[in-house]
Amino acid sequence: MAGLMLAMLALGLCTSNGRVLTHEQASDHHTRAPKEEWELSDRRLTPGSYAPLVRLPFLFAKDGDTTHLLDSINRHAHVILFWASWCTDCREETHALVALQKEFPQLPWLTVSLDNEASKARQYIHAHALGGIHLFDGRGWRGSACNDYAVALHGIPFMALIDRYGKLYWTGQQTDSLHLAILRATTTSSACGTKK
Numbered sequence: 008m009a010g011l012m013l014a015m016l017a018l019g020l021c022t023s024n025g026r027v028l029t030h031e032q033a034s035d036h037h038t039r040a041p042k043e044e045w046e047l048s049d050r051r052l053t054p055g056s057y058a059p060l061v062r063l064p065f066l067f068a069k070d071g072d073t074t075h076l077l078d079s080i081n082r083h084a085h086v087i088l089f090w091a092s093w094c095t096d097c098r099e100e101t102h103a104l105v106a107l108q109k110e111f112p113q114l115p116w117l118t119v120s121l122d123n124e125a126s127k128a129r130q131y132i133h134a135h136a137l138g139g140i141h142l143f144d145g146r147g148w149r150g151s152a153c154n155d156y157a158v159a160l161h162g163i164p165f166m167a168l169i170d171r172y173g174k175l176y177w178t179g180q181q182t183d184s185l186h187l188a189i190l191r192a193t194t195t196s197s198a199c200g201t202k203k
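Residue numbers (my numbering): 8 to 203.
Right, here's the structure in full:
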């Protein structure tokens with residue numbers, strides 16, 4: 008019996024509490040804790056590194072091809088905003104975010120709602136006139152875009168400024184810091200210009 012348990016441990020088929028998993032369960036068992044995955048992801052999110060592409064369904068029904076539109080945006084400087092209607096900090100930043108969108112109308116915004124219900128996200132967007140192209144996958148913190156941007160490690164709101172080359176220019180949580188980053192990017196270089 009001891010030999011069998013050692014063999015199972017060696018194969019990684021036990022959880023941290025010692026319960027043996029079936030083969031099907033073991034296939035979904037992560038070798039790292041989720042926080043470690045986010046930390047590893049976060050190490051790749053340094054200024055100058057390529058930003059992970061975000062491809063999620065639209066929150067609002069729109070004509071046209073989602074993938075085509077998102078690919079088009081990814082060839083221009085843009086902002087990605089992760090948020091949720093239930094988030095107190097997001098609510099506090101909303102007025103400043105809307106003002107920033109009006110100050111830089113040439114800069115597209117992708118907003119990714121972490122709400123579990125699309126209707127709540129839609130109501131919030133309408134009530135607060137939050138602009139942008141609104142995306143939703145209904146998986147909250149477990150969504151692929153959240154994982155790619157290590158959002159659970161940072162919390163929300165979480166924002167990223169992507170330059171026209173598809174590289175991260177700035178990431179953070181404060182609208183005033185994003186404002187300074189946009190000003191710096193537009194005055195010191197053509198990083199926030201349009202690709203030719």
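Ideal Cβ positions, reconstructed from N, Cα and C, are used throughout, including at glycine.
Could you say which of the options lies nearest to residue i if we only look at CA atoms?
i: K174; options: Y57, L52, T53; result: Y57
i: S92; options: T53, W177, R191, F143; result: F143
i: T193; options: E110, L76, W148; result: E110
i: C153; options: L77, L190, D183, R62; result: R62
i: A136; options: S79, V105, Y176, H161; result: V105
i: D78; options: I132, I189, I140, G150; result: I140
With DSSP collapsed to three states, give me the class of residue i.
i: I163; result: coil
i: L117; result: strand
i: G179; result: strand
i: W90; result: strand
i: L104; result: helix
i: L168; result: strand
i: L142; result: strand
i: Y156; result: coil
Ordered along the chain, which non-local residues of its own chain (more than five positions away) have a Cβ less than 8 angstroms from that of residue i?
i: C97; result: W90, A91, I163, P164
i: A4; result: It is not possible to answer for residue 4, since the shown part of the chain is limited to 8 through 203.
i: R191; result: none
Short of 7 angstroms in beta carbon distance, which residues of its chain neighbour residue i, apart from the five on each side in sequence? Order them along the chain.
i: S184; result: none
i: K127; result: S92
By Cβ distance, which residues of its chain are closer than 6 angstroms to residue i, with the 5 residues on each side in sequence left out?
i: T38; result: Reliability fails at T38, whose pLDDT of 41 lies under 50, so the model's placement of it is uncertain and no value is given.
Counting Cβ pairs closer than 8 angstroms, one from the stretch 102 to 119 and one from the stretch 78 to 88, do we hit at least three? yes
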